[in-house]
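A quick write-up on the structure given underneath.
Number of protein chains: 2
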Amino acid sequence: MEFPSKLIENAVEELAKLPGVGKKTALRLALHLLKNESEDTFLLAESLVKMRTEVKHCKQCHNISDTEVCGICSNPLRDKSLLCVVSDIRDVIAIENTSQYKGLYHVLGGVISPLEGVGPSDLHIDSLLERLLPNSEVKEVLMAISPTMEGDTTAFYLTRKLRDHQNLKITSIARGIPVGGELEYTDEITLGRSIVERTAYGRA
Amino acid sequence: MEFPSKLIENAVEELAKLPGVGKKTALRLALHLLKNESEDTFLLAESLVKMRTEVKHCKQCHNISDTEVCGICSNPLRDKSLLCVVSDIRDVIAIENTSQYKGLYHVLGGVISPLEGVGPSDLHIDSLLERLLPNSEVKEVLMAISPTMEGDTTAFYLTRKLRDHQNLKITSIARGIPVGGELEYTDEITLGRSIVERTAYGRA
Ligand SMILES: [Zn+2]
Ligand SMILES: [Zn+2]
Chain V
0 MEFPSKLIEN AVEELAKLPG VGKKTALRLA LHLLKNESED TFLLAESLVK MRTEVKHCKQ
60 CHNISDTEVC GICSNPLRDK SLLCVVSDIR DVIAIENTSQ YKGLYHVLGG VISPLEGVGP
120 SDLHIDSLLE RLLPNSEVKE VLMAISPTME GDTTAFYLTR KLRDHQNLKI TSIARGIPVG
180 GELEYTDEIT LGRSIVERTA YGRA
Chain F
0 MEFPSKLIEN AVEELAKLPG VGKKTALRLA LHLLKNESED TFLLAESLVK MRTEVKHCKQ
60 CHNISDTEVC GICSNPLRDK SLLCVVSDIR DVIAIENTSQ YKGLYHVLGG VISPLEGVGP
120 SDLHIDSLLE RLLPNSEVKE VLMAISPTME GDTTAFYLTR KLRDHQNLKI TSIARGIPVG
180 GELEYTDEIT LGRSIVERTA YGRA
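Chains as they are written, first to last, in numbering that gives the first Met the number 0: chain V, 0 to 203; chain F, 0 to 203.
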């Protein structure tokens, strides 16, 4: 694609480095910014730089945070006996938005993937095990890791690491038919698991 | 959506003001920037601010440009007898990328749309008429405006404004079946026009 302006070309190239943004979309975004008040562009640029420079990772759960310890970890109303293990910050946001979970989190920062060269030492596993030492307040670890091959491998790895913790309950998010989902459109594996792991009628 | 960090929330809000970017996409983009080198975020922000501050509009054709007069208008190899009227800068880029056009452009900056309150005076029509005064080098005006209702209205308005220019040829981009398109999937109006405006066999 040829551009009538080197300045636009640069902006398009930088925008097109974002995931899911092709050159055409990048051009549309650049032209949108040109059409609007320059203030809009300045606010966007400033918010990105400020975020990139100032955002921290919670030193306890590795969630993103504006402070050393995140708002969830430091909230006295959260249930410290329950720890939810997720691979990604997005999972924390998704679970928080359900308003169904009141425990703490631990963000692994990915899943074990030999193909992509991600081993256990690349994830926040050591700090998870530290949080689960015998004197820990945690009584239950809820594995909320996506049921992909890599996700299942990661959950299996963690479960094995934790098998000596006699008093620790290890649970997993339920697999089954999505709420509002129809049986006939559900894949066989999910449908199969929803039968094997059937729950008593009326259970929440 | 609740965010674990005010800094991320701000960035997501600014990103979500971009066209076609919802909150979920904005969050994905923000987390991508957080995962990568801060240098990437700085380059992106800088390129946007630089573009917004420094890009000019060509004072002749209203195309975007790094200089007072754009590279197309100032190129001595372009055919100054041929002027292509488009509504948007994106159309210039699209036509340039075909490598089939060697004339000049005039960017209207939109189309006449009474519903959206866009009248002729909101577009670069006066400067177009000035470029077509009797002593002008332009011999042909090629209307390359999208065949929507507003686009057709705009082309019709311009054609009427130019009807006294005796020696000016007014043409329009050809309507017809897209190259590689199949007859049976073409809408009736396009198919109809492609028959009415049929061309001699073998013509380029
Ligand atoms: Zn935390
Ligand atoms: Zn120009």
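Just so you know, even glycine gets a beta-carbon here, dropped at the ideal spot from N, CA and C.
None of these values were measured; they are calculated from a predicted model.
Problem set entry | the region 59-68 of chain F / the region 112-120 of chain F touching (three or more Cβ pairs under 8 Å) | Taking a contact to require three or more Cβ pairs closer than 8 Å, the region 59-68 of chain F and the region 112-120 of chain F do not qualify as touching.
Exercise. The region 88-104 of chain V: which residues have C-beta closer than 8 Å to a C-beta of chain F, in chain order?
Worked result: Those would be Ile88, Arg89, Val91, Ile92, Glu95 and Asn96, in chain order.
Exercise. How is the beta strand (DSSP E) around Met142 of chain F delimited, first residue to last?
Worked result: Element bounds for Met142 of chain F: Glu139 to Met142.
For this session: Using DSSP bridges, identify the partner residues of Cys60 of chain V.
Result: According to DSSP, Cys60 of chain V bridges with nothing at all.
For this session: For ligand 2, list every residue whose C-beta falls under 5 Å from any of its heavy atoms, going in chain order.
Result: Here the residues come out as F:Cys57, F:Gln59, F:Cys60, F:Asn62, F:Cys69 and F:Cys72.
For this session: Following the continuous alpha helix (DSSP H) through Phe11 of chain F, name the residue where it begins and the one where it ends.
Result: Reading the sequence as shown, one finds Val at residue 11 of chain F and not Phe. From DSSP, the alpha helix (DSSP H) with Val11 of chain F extends over Lys5 to Leu14.
Exercise. CB of Ser64 of chain V to nearest heavy atom of ligand 1: below 7 Å?
Worked result: Yes, ligand 1 has a heavy atom inside 7 Å of this Cβ.
Exercise. Cα separation between Gly179 of chain F and Lys55 of chain F?
Worked result: In this model, Gly179 of chain F and Lys55 of chain F are separated by some 38 Å (Cα to Cα).
For this session: Since I believe Val85 of chain V is in contact with Ile144 of chain V (beta carbons under 8 Å), could you give me their beta-carbon distance rounded to a whole number of angstroms?
Result: With 8 Å as the limit, Ile144 of chain V and Val85 of chain V qualify as a contact, their Cβ atoms being about 7 Å apart.
Problem set entry | Close Cβ partners of Lys16 of chain V (< 6 Å) along its chain, the five nearest in sequence each way excluded | Annotation for Lys16 of chain V: no residue places its beta carbon closer than 6 Å to its own, counting only its chain and skipping 5 residues before and after.
Exercise. Using a beta-carbon distance below 8 Å, is Asp121 of chain V in contact with chain F?
Worked result: Chain F, which has no Cβ nearer than 8 Å to the Cβ of Asp121 of chain V, makes this no.
For this session: Say whether chain F places a C-beta atom closer than 8 Å to the C-beta of Thr147 of chain V.
Result: With its beta carbon at least 8 Å from every one in chain F, Thr147 of chain V lies outside the interface.
Exercise. Going by DSSP, what residues sit across from Tyr104 of chain F in a beta bridge?
Worked result: In DSSP, Tyr104 of chain F forms a bridge with F:Cys83.
Problem set entry | Minimum Cβ-Cβ distance from Phe155 of chain V to chain F less than 8 Å | False, the Cβ-Cβ gap to chain F never drops below 8 Å.
For this session: Only counting runs of 3 or more residues, tell me where the beta strand (DSSP E) segments fall wholly within the region 140-183 of chain V, in order along the chain.
Result: List check, beta strand (DSSP E) in window: 168-171.
For this session: Grab me the residues of Gly204 of chain F's own chain with a C-beta within less than 8 Å of its C-beta, minus the 5 sequence neighbours each way, in chain order.
Result: Look at the range of chain F in this structure, 0 to 203, and you will see that residue 204 of chain F is not part of it.
Problem set entry | Euclidean distance between Cα positions of Lys160 of chain V and Leu128 of chain V | A direct Cα-to-Cα measurement between Lys160 of chain V and Leu128 of chain V gives close to 8 Å.
Exercise. Which class does Asp186 of chain V belong to by DSSP, given the choice of helix, strand or coil?
Worked result: If DSSP states are grouped into helix, strand and coil, Asp186 of chain V belongs with coil.
Exercise. Under the rule that 16 or more other beta-carbon atoms within 10 Å means buried, what is Arg174 of chain V, buried or exposed?
Worked result: Exposed.
Exercise. For Ala25 of chain F versus Leu42 of chain F, is the C-beta spacing smaller than 8 Å?
Worked result: Not a contact, by the Cβ cut-off of 8 Å.
Exercise. Does Cys69 of chain V have its Cβ less than 8 Å from a Cβ in chain F?
Worked result: Yes, Cys69 of chain V counts as interfacial toward chain F.
Exercise. Got a sec, what are the start and stop residues for the alpha helix (DSSP H) Asp39 of chain V sits in?
Worked result: Run containing Asp39 of chain V: Ser37 to Glu53, per the alpha helix (DSSP H) assignment.
For this session: Can you give me the start and stop residues for the alpha helix (DSSP H) that His31 of chain F sits inside?
Result: Here the alpha helix (DSSP H) through His31 of chain F covers Lys22 to Lys34.
Exercise. Are there 16 or more other CB atoms within 10 angstroms of the CB of Pro3 of chain F, so buried, or fewer, so exposed?
Worked result: It counts as buried.
For this session: Taking only beta-carbon positions, decide if Leu47 of chain F is within less than 8 Å of chain V.
Result: Taking Cβ atoms only, chain V reaches closer than 8 Å to Leu47 of chain F, which makes this a yes.
Exercise. Interface residues of chain F around Thr52 of chain V at Cβ under 8 Å?
Worked result: Result: Ser37.
Problem set entry | Proximity to Val195 of chain F [Cα-Cα], best of F:Ile176, F:Asp163 and F:Tyr184 | Val195 of chain F has its Cα closest to that of F:Ile176, out of F:Ile176, F:Asp163 and F:Tyr184.
Exercise. Is Ala143 of chain V near ligand 4, going by C-beta to nearest heavy atom under 7 Å?
Worked result: Ligands present in the displayed structure are limited to ligand 1 and ligand 2, and ligand 4 is not among them.
For this session: Return the Cβ separation of Lys138 of chain F and Ser80 of chain F in integer angstroms, given the expectation that the two are a contact with Cβ distance under 8 Å.
Result: Indeed they touch by this definition, with Cβ atoms about 4 Å apart.
Problem set entry | Under 7 Å by beta carbon: chain V residues contacting Ala29 of chain F | For Ala29 of chain F, the neighbours in chain V by C-beta distance under 7 Å run, in chain order, Met50.
Exercise. So Met50 of chain V and Leu6 of chain F are in contact, right, with Cβ under 8 Å, and what is the actual spacing, rounded?
Worked result: Taking a contact as a CB-CB distance under 8 Å, the pair Met50 of chain V and Leu6 of chain F counts as one, their CB atoms being some 4 Å apart.
Exercise. Name the chain V residues that come within less than 8 Å of Ala10 of chain F, Cβ to Cβ?
Worked result: When 8 Å is used as the limit between beta carbons, Ala10 of chain F is near these residues of chain V: Ser46, Leu47, Lys49 and Met50, in chain order.
For this session: Determine which residues share a DSSP beta bridge with Ser112 of chain V and list them.
Result: Ser112 of chain V pairs with V:Val117.
Exercise. Given that Pro3 of chain F touches chain V, what residues does it touch there, using C-beta distances under 9 Å?
Worked result: Result: Cys57, Asn62, Ile63, Ser64, Asp65, Cys69, Gly70, Ile71, Ile88, Val91, Ile92 and Glu95.
Exercise. Around the Cβ of Thr258 of chain V, are there at least 16 other Cβ atoms within 10 angstroms (buried) or fewer (exposed)?
Worked result: The first residue shown for chain V is 0 and the last is 203, placing residue 258 of chain V beyond what the model contains.
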